[in-house]
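Enquirer:
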Amino acid sequence: MTHHGCAVETGSSTPCSCSCCCLSPLPPSIAAFLSLLAPRYPAAFYRRYPDCGLTPNLLPAAITMARVYADVNEHMPRSYWDYDSVNISWGVLENYEVVRKIGRGKYSEVFEGINVVNYQKCVIKVLKPVKKKKIKREIKILQNLAGGPNVVALLDVVRDSQSKTPSLVFEYVNNTDFRTLYPRFSDYDVRFYVFELLKALDFCHSKGIMHRDVKPHNVMIDHEKRKLRLIDWGLAEFYHKGTEYNVRVASRYFKGPELLVDFQEYDYSLDMWSLGAMFASMIFRKEPFFHGNSNSDQLVKIAKVLGTEELFEYLDRYEIELDPQYDEILSRFPRKPWHSFVNAENQRFVSDEAIDFLDKLLRYDHAERLTAQEAMAHGYFAPVRAAEAQAARNNNATA
1 MTHHGCAVET
11 GSSTPCSCSC
21 CCLSPLPPSI
31 AAFLSLLAPR
41 YPAAFYRRYP
51 DCGLTPNLLP
61 AAITMARVYA
71 DVNEHMPRSY
81 WDYDSVNISW
91 GVLENYEVVR
101 KIGRGKYSEV
111 FEGINVVNYQ
121 KCVIKVLKPV
131 KKKKIKREIK
141 ILQNLAGGPN
151 VVALLDVVRD
161 SQSKTPSLVF
171 EYVNNTDFRT
181 LYPRFSDYDV
191 RFYVFELLKA
201 LDFCHSKGIM
211 HRDVKPHNVM
221 IDHEKRKLRL
231 IDWGLAEFYH
241 KGTEYNVRVA
251 SRYFKGPELL
261 VDFQEYDYSL
271 DMWSLGAMFA
281 SMIFRKEPFF
291 HGNSNSDQLV
301 KIAKVLGTEE
311 LFEYLDRYEI
321 ELDPQYDEIL
331 SRFPRKPWHS
341 FVNAENQRFV
351 SDEAIDFLDK
361 LLRYDHAERL
371 TAQEAMAHGY
381 FAPVRAAEAQ
391 AARNNNATA
């Protein structure tokens, strides 16, 4: 065996001059002592400091890093991702009037509004009291994603002069609630809109940004115009490999297993799990597909479908220790075949391609999930890609 990062054999009397290990081999007793201490270091320590002098067999089996777009922010100027230094350019509050309330969330209240200067409809998101840093993050991310496919457009940022309450002004989308709209969809509609959502996800991932709250409530669809917009970037964050992120993101039914087992070094693939959970509810007509009563119960609901064998393999691979509360509630469950969810009501949405696509999204191991770009190339979307290609040919012919 060789020391990590150099060509000197372990146990050899040849001195090593590299910076990654000691100048002479450790006596066996000291080596044994260090091997006892080693597990006390978090796995992230070995991933971050691979040249720390510890031998390869002490490194974790799985190195976690996004399979795509891992270095995007490293190659951008600090001003691109350092949202703390953002200077907000406030617009004119009096340019907007509220028409009606259309929604509310944990961090905001949302209104349909009108721009009294040009009489254009808009959406006004009035932010509840939150840390200024969080507001800056959302604004910076929306600015970085401006003009991207199917990403909601930020039109203005205003605030009340008295209360200092900030509001974000967005483009208006004539949305139909998903609980009303999805049951009306044809098989092709599902393919079309999921493909449109993937365009937004691949774009934001390519810009070094994780959405972290993908769910039907954040996907606005104007069915008449066949227009989709991914909204609510309030939980979105810049991806930097090796960073430990807060697991208290996403809505319970759409949380990836990594969040539920407190694995903090997640990446863009979190969004792909959320998309998978959303897709499962669309094709199986079961809303939500994983219906947990709490975060711990959510993992149990997932395990009852994907089985516990692969869950424990995933935990071992990433050296994740489950919270002791799961000892009481997590039994051994076999994997359920996807076809067992097919019935007379949903069979029109289910095909071999749909099942294969779903199976490649809903994986415990985040590294095994399709990326957004890989998902768009999947056979399930062949009819959508063909229609897009035909439309492009028609446009070229009339140009």
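The opening position of the sequence shown corresponds to residue 1 in full-length UniProt numbering, with each subsequent residue numbered one higher.
In this text, a Cβ means the ideal position worked out from N, Cα and C, and glycines have one as well.
In or out: G148 buried (at least 16 other Cβ within 10 Å) or exposed?
Expert: That one is buried.
Enquirer: With a floor of 3 residues, list each beta strand (DSSP E) that falls wholly inside the region 210-251, ordered by position along the chain.
Expert: The qualifying runs are 219-222 and 227-230.
Enquirer: Since K215 and L145 should fall inside the 8 Å C-beta cutoff, what is the C-beta to C-beta distance between them, to a whole number of angstroms?
Expert: That belief does not hold up - the Cβ atoms of K215 and L145 are roughly 18 Å apart, past 8 Å.
Enquirer: So, H339 versus D356, is the Cβ gap smaller than 9 Å?
Expert: Not closer than 9 Å, so no.
Enquirer: Below 6 Å CB to CB, which residues in the same chain sit around P39 once its five sequence neighbours on both sides are set aside?
Expert: Per-residue confidence for P39 stands at a pLDDT of 38, beneath the threshold of 50, marking its modelled position as unreliable; the derived number appears in the next sentence. There are no such residues.
Enquirer: What are the partner residues of S114, as DSSP defines its beta bridges?
Expert: The question names Ser, yet the displayed sequence has Ile at residue 114. Answer is E97 and K121, bridged to I114.
Enquirer: From V92 to R335, what distance separates their C-alpha atoms?
Expert: Cα-Cα distance, rounded: 56 Å.
Enquirer: Within the same chain, show all residues whose beta-carbon is closer than 6 Å to that of I231, passing over the 5 residues directly before and after it, in chain order.
Expert: For I231, where only same-chain residues beyond five positions count, the Cβ hits under 6 Å are V152, N218 and M220.
Enquirer: On the three-state DSSP scale, how would you describe R191?
Expert: In this structure, R191 counts as helix in the three-state DSSP scheme.
Enquirer: The beta strand (DSSP E) with residue 475 in it runs from where to where?
Expert: The structure shown does not extend to residue 475, since the chain is modelled only from 1 to 399, so the question has no answer here.
Enquirer: In the DSSP assignment, the beta strand (DSSP E) including P77 goes from what residue to what residue?
Expert: Segment: none, P77 is in no beta strand (DSSP E) and carries neither H nor E.
Enquirer: Would you report the Cα separation of V190 and V384, rounded to the nearest angstrom?
Expert: Going by the C-alpha atoms only, they are around 10 Å apart.
Enquirer: Verify whether the separation of the beta carbon atoms of K140 and V86 is less than 9 Å.
Expert: Yes. Within cutoff.
Enquirer: Between which two residues does the alpha helix (DSSP H) containing D297 stretch?
Expert: Note, D297: alpha helix (DSSP H), N295 to L306.
Enquirer: Quick check on R363: buried or exposed, where buried means 16 or more other Cβ atoms within 10 Å of its Cβ?
Expert: Per the 10 Å Cβ criterion, buried.
Enquirer: Write down the C-beta distance between A66 and K199 rounded to the nearest angstrom, noting that I regard them as a contact closer than 8 Å.
Expert: So it is not a contact: roughly 19 Å between Cβ atoms.
Enquirer: May I ask you to list the residues that DSSP assigns as paired with residue 416?
Expert: The structure shown does not extend to residue 416, since the chain is modelled only from 1 through 399, so no value can be given for it.
Enquirer: Can Y83 and F254 be called in contact, C-beta distance under 9 Å?
Expert: No, these two residues do not count as a Cβ contact at 9 Å.
Enquirer: Take R285 and list the residues in its own chain whose beta-carbon comes closer than 6 Å to its own, dropping the five residues that flank it on each side.
Expert: Contacts found: E345 and N346.
Enquirer: For a quick check, are the C-beta atoms of A250 and S274 less than 9 Å apart?
Expert: Against a cut-off of 9 Å, the Cβ pair of S274 and A250 comes out as a contact.
Enquirer: Excluding the 5 residues preceding and the 5 following P68 in the sequence, name in chain order all residues of the same chain whose CB lies nearer than 6 Å to its CB.
Expert: The sequence shown places Val at residue 68, not Pro. Cβ neighbours of V68 beyond the five flanking positions: T371.
Enquirer: Is the separation between the beta-carbon of S296 and that of Y326 shorter than 9 Å?
Expert: Yes, they are a contact pair.
Enquirer: I'd like the list of long-range same chain contacts for Q143, defined as Cβ closer than 8 Å, with 5 residues on each side in sequence excluded.
Expert: Within the same chain, Q143 has close Cβ partners L154.
Enquirer: Quick check on DSSP: helix, strand or coil for R385?
Expert: Three-state result, R385: helix.
Enquirer: Going by DSSP, which residues form a beta bridge with E109?
Expert: Partner(s): R104 and V126.
Enquirer: Is R369 buried or exposed, if buried means 16 or more other CB atoms sit within 10 Å of its CB?
Expert: The residue in question, R369, is buried, as its Cβ has 16 or more Cβ neighbours within 10 Å.
Enquirer: Should the region 264-281 be called in touch with the region 221-228, which here means at least 3 C-beta pairs below 8 Å?
Expert: The region 264-281 is not in contact with the region 221-228.
Enquirer: Does the Cβ of V98 have 16 or more other Cβ atoms within 10 Å, making it buried, or fewer, making it exposed?
Expert: With fewer than 16 other Cβ atoms within 10 Å, it is exposed.
Enquirer: Name the residue from M76, R248, L201 and V116 whose alpha carbon lies nearest to the alpha carbon of G276.
Expert: Ranking M76, R248, L201 and V116 by Cα distance to G276 puts L201 first.
Enquirer: Check G276 in the structure and name its three-state DSSP category.
Expert: It is helical.
Enquirer: Could you check what DSSP says for R393 in three-state terms: helix, strand or coil?
Expert: In this structure, R393 counts as helix in the three-state DSSP scheme.
Enquirer: Just to check my reading of the structure: S108 and K128 have Cβ atoms closer than 8 Å, yes? What is that Cβ distance to the nearest angstrom?
Expert: Going by Cβ atoms, the distance from S108 to K128 rounds to 6 Å, so yes, they are a contact pair.
Enquirer: Between E112, E244, M210 and F185, which lies nearest to L168 when the distance is taken from Cα to Cα?
Expert: For the residues E112, E244, M210 and F185, the minimum Cα distance to L168 belongs to E112.
Enquirer: What would DSSP say about R184, mapped onto helix, strand or coil?
Expert: R184 falls in the helix class under three-state DSSP.
Enquirer: If you check the beta carbons only, do E321 and L330 fall under 9 Å apart?
Expert: No, these two residues do not count as a Cβ contact at 9 Å.
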